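First residue of the sequence shown: 31, per this note's numbering; consecutive thereafter.
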Amino acid sequence: MHQQGLSCKDLQPMLGSLGRVAEILNRRRSLSLEMIRRLHEHLEIPTDILIQPIRTNNTA
């Protein structure tokens, strides 16, 4: 996000409300299939990166 100079507000059209964007960035919510499609189309992020499981401190 920072590499492309994007703000949370820039992600709203792809992810929804600012609250939803914050939940995703704070790893409290997963991306939906539609969100993955939008991010891929608008930002050209490879889908295989977007569908990886969320890493937490408890994950080995």
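By construction, the Cβ of each residue, glycine as well, lies at the ideal position given by its N, Cα and C atoms.
This one's a predicted model, so the numbers in the text were calculated from it and none came from an experiment.
The straight-line gap separating the alpha-carbon atoms of PRO43 and PRO83 is approximately 23 angstroms. With a contact defined as Cβ atoms closer than 8 angstroms, LEU61 and LEU41 miss out at about 11 angstroms. SER37 and GLU53 have their C-alpha atoms spaced approximately 14 angstroms apart. Here the C-alpha atom of GLU74 lies approximately 23 angstroms from the C-alpha atom of GLY49.
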